[in-house]
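Residue numbers (my numbering): 46 to 445.
So this is what it looks like as structure tokens:
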């Protein structure tokens, strides 16, 4: 988050909501959320500004700050300029936000336990905030994506239901968004799907593929800040906890109610994600009919036609951009010999990353990425491809 909203100064604001994972919104000194311009919310993924309830009067009150602070109550007002907002003990979600009041425990830690600890921290406790519209299996949606902070609702609309709590799989003290931030040996995810589903794998042409269960069963079908179409697929920015995949050859319209306001549920109250989220966000050139033909029996082992070009590729390759020198656009061809997550970064002459033009899984094949240098000055630049433990770098020249 490089700066406050354009045309404003930091001195006009007292708090920032978010700013770590997906987006940032800004609280003014009068306790209201900044909505005055169409550049009110900063999205971290795109590094761009968008509107948020444009020119509406949005108060940062108890209904909002309950899940962004500790000790929120309806009484009083945290802001001296605006009455009736409610109050909170501490900004941010601190220990007591989940474990309950801890004053007595601090006074006598050996004899007084925290109100909520261990398995007492059930999904109901996490569901105080990680739900939308109530603790039910109804999953609100908007604009072709599941709305965010809806994990409780999704679990209730899955076969896991109340059989798992959030802590079954998550270490709730470690942010899943930044798994490397906790330190060596610490992980946000403490149990893999294979702990319980050891007999499940994807075998293609007799070979077990190195594909994580969550790649397909927890696609990014929810949207907090950014959603995008990727070829014939769709991708939000939050992984869903529905788990079940609808393997029929239907598009995402079938995943939602007719008015698009919720995820459609079957007669048992269960939800499912469609193949354009589960498969086509990676297999972007394919369609749901193709995906369905493989998805229905994918855990029984499948065979595929081998792409002669892809089969002949032995190594990752990053080719020289063309044209070079260029102004302002150039194309970068790269080759992927096997399924891998590929990232291509543009770097300045000092090795600083300026932007990322590719960041997604790729099947074996040959691909082309495009770079536009409109926002950059003439000079020498580098482009770097990273795929697993492979890193390739080339130089290019922007000449205006």
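Glycine is no exception: its CB is placed at the ideal position from the N, C-alpha and C atoms.
Hey, how far is the Cα of residue i from the Cα of residue j?
i           : j           : result
residue 354 : residue 434 : Because residue 354 carries a pLDDT of 47, less than 50, the predicted location of this residue cannot be relied on, and the following value inherits that uncertainty. Going by the C-alpha atoms only, they are around 23 Å apart.
residue 270 : residue 88  : 6 Å
residue 222 : residue 284 : 11 Å
residue 178 : residue 393 : 46 Å
residue 214 : residue 374 : 45 Å
residue 157 : residue 167 : 20 Å
residue 367 : residue 376 : 5 Å
residue 346 : residue 251 : 7 Å
residue 370 : residue 275 : 29 Å
residue 113 : residue 59  : 14 Å
residue 49  : residue 329 : 36 Å
residue 327 : residue 406 : 6 Å
residue 218 : residue 228 : 12 Å
residue 181 : residue 248 : 36 Å
residue 31  : residue 387 : No information on residue 31 is available, as it lies outside the stretch 46 to 445 that the chain covers here.
residue 84  : residue 210 : 38 Å
residue 190 : residue 197 : 16 Å
residue 357 : residue 333 : With a pLDDT of 47 at residue 357, under the threshold of 50, the modelled position of this residue cannot be trusted; read the value that follows with caution. So the two alpha carbons sit approximately 27 Å from each other.
residue 288 : residue 443 : 46 Å
residue 199 : residue 310 : 11 Å
residue 207 : residue 201 : 7 Å
residue 76  : residue 133 : 13 Å
residue 397 : residue 381 : 25 Å
residue 363 : residue 428 : 9 Å
residue 27  : residue 216 : Here the chain comprises residues numbered 46 to 445, so residue 27 is not present and cannot be evaluated.
residue 465 : residue 413 : Residue 465 lies beyond the stretch modelled for the chain, which goes from 46 to 445, so this question has no answer here.
residue 91  : residue 104 : 26 Å
residue 391 : residue 421 : 11 Å
residue 81  : residue 360 : 52 Å
Using CA coordinates, which residue listed in the options is at the minimum distance from residue i?
i           : options            : result
residue 305 : 192, 323, 254      : 192
residue 340 : 320, 327, 329      : 320
residue 268 : 418, 151, 67       : 67
residue 64  : 78, 47, 54, 57     : 47
residue 260 : 273, 277, 272, 286 : 286
residue 122 : 154, 74, 139       : 74
Does DSSP classify residue i as helix, strand or coil?
i           : result
residue 330 : coil
residue 389 : strand
residue 381 : strand
residue 245 : coil
residue 79  : coil
residue 339 : helix
residue 274 : strand
residue 361 : coil
residue 404 : strand
residue 399 : strand
residue 300 : helix
residue 28  : Any question about residue 28 goes unanswered here, given that the chain covers just 46 to 445.
residue 70  : strand
residue 56  : helix
residue 355 : Because the pLDDT of residue 355 is 48, which lies under 50, any placement of that residue in the model is unreliable, and the number read from its coordinates should be weighed accordingly. Helix.
residue 151 : helix
residue 184 : coil
Using C-beta distances below 8 Å, list every residue in its chain close to residue i, excluding the 5 sequence neighbours before and after it, in chain order.
i           : result
residue 337 : 292, 293, 294, 320
residue 86  : 68, 69, 70, 94, 95, 96, 97, 270
residue 226 : 219, 220
On the DSSP letters alone, give me the boundaries of the beta strand (DSSP E) that residue i sits inside.
i           : result
residue 240 : Careful: residue 240 lies outside any beta strand (DSSP E) and carries neither H nor E.
residue 287 : No beta strand (DSSP E) holds residue 287; DSSP gives it neither H nor E.
residue 132 : Here residue 132 belongs to no beta strand (DSSP E), and DSSP marks it neither H nor E.
residue 250 : Premise fails: residue 250 is in no beta strand (DSSP E) and is neither H nor E.
residue 411 : 410–417
residue 437 : 435–443
In chain order, what residues of the same chain have a beta carbon less than 6 Å from the beta carbon of residue i, not counting five sequence neighbours either side?
i           : result
residue 111 : 117
residue 441 : 366, 369, 426
residue 258 : 238
residue 160 : 145
residue 55  : 49
Check for me: the alpha helix (DSSP H) holding residue i runs from which residue to which?
i           : result
residue 86  : Premise fails: residue 86 lies in the beta strand (DSSP E), 86–88, not in any alpha helix (DSSP H).
residue 201 : 196–201
residue 429 : Here residue 429 belongs to no alpha helix (DSSP H); instead the beta strand (DSSP E) covers 424–432.
residue 191 : Segment 190–192 is the beta strand (DSSP E) holding residue 191; no alpha helix (DSSP H) there.
residue 142 : 140–144
residue 179 : That residue, residue 179, is in no alpha helix (DSSP H); it is neither H nor E in DSSP.
residue 212 : 211–214
residue 108 : 107–110
Note down, in chain order, each residue of its chain lying with its Cβ closer than 7 Å to the Cβ of residue i, except the 5 sequence neighbours on either side.
i           : result
residue 142 : 115
residue 212 : 166
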